[in-house]
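Residue numbers (our numbering): 115 to 225.
Note sheet for the following structure.
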Amino acid sequence: MIIAAQVAVTFLAAGLAWVGGGETRFAWSAIIGGSIGFSTAALYARYAFGVRGEKPREFVKAHFRAEALKLAFTVVLLAAALRIYKDVSILPLLLSYIATLSVYWFALLWA
Numbered sequence: 115m116i117i118a119a120q121v122a123v124t125f126l127a128a129g130l131a132w133v134g135g136g137e138t139r140f141a142w143s144a145i146i147g148g149s150i151g152f153s154t155a156a157l158y159a160r161y162a163f164g165v166r167g168e169k170p171r172e173f174v175k176a177h178f179r180a181e182a183l184k185l186a187f188t189v190v191l192l193a194a195a196l197r198i199y200k201d202v203s204i205l206p207l208l209l210s211y212i213a214t215l216s217v218y219w220f221a222l223l224w225a
C-alpha cells in the first residue's frame with residue numbers, strides 16, 4: 115500500500131514538474147527521483163519483513179540490515195542517475211525523492 119502511494123506521488127510530482135518547468139527533462143528527473151525512493155522502499159520491505167522466526171533479535175537484525183542496504187542502494191542509484199542521465203535536473207529529482215520518503219513517514223503517523 116505504501117509503495118503504491120509512493121508510485122502515485124512520483125507520477126504526480128512528474129506531472130507538476132513538467133507543467134511547472136515546461137520541459138520533459140524536469141518530469142524525467144522527478145520520475146527518476148521518485149523511482150529511487152520507491153524502489154529502495156521495496157528493497158527495504160523485502161529484506162526487513164522477509165525474516166522468519168520468533169526471536170525479536172532476528173527482526174531487529176533484519177531491520178538494520180535492510181536499512182543499511184536501502185541506504186547503500188540509494189547512494190548507488192543517485193550516483194548512477196547523475197552519471198548516466200546527463201540532462202538531469204537536480205531540484206525535481208530531489209523533491210520527488212523527498213516526496214516519496216514523506217509518504218512513508220506520513221503512513222507511519224496515520225497507522
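C-beta atoms are modelled at their ideal positions from N, C-alpha and C, and glycine is treated no differently.
When C-alpha distances from G147 are compared across R179, L130 and L192, the shortest belongs to L192.
One Cα belongs to Y158, the other to L183, and the distance between them is close to 7 Å. For A155, the enclosing alpha helix (DSSP H) starts and ends at T138 to A162. Under the DSSP assignment, V123 falls in the alpha helix (DSSP H) whose first and last residues are I116 to G135.
Annotation: K169 is outside any alpha helix (DSSP H) and is labelled neither H nor E by DSSP. Listed in chain order, the non-local C-beta contacts of A162 below 6 Å within the same chain comprise A176, H177 and A180, local neighbours out to five positions each way being set aside.
If you look at Y218, you'll find it in the alpha helix (DSSP H) that goes I204 to W224.
Taking a C-beta distance under 8 Å as the contact criterion, A195 and A127 do not qualify as a contact pair.
A distance below 8 Å separates the beta carbons of F140 and S203. A residue is called buried when at least 16 other Cβ atoms come within 10 angstroms of its Cβ; P206 meets this threshold and is buried.
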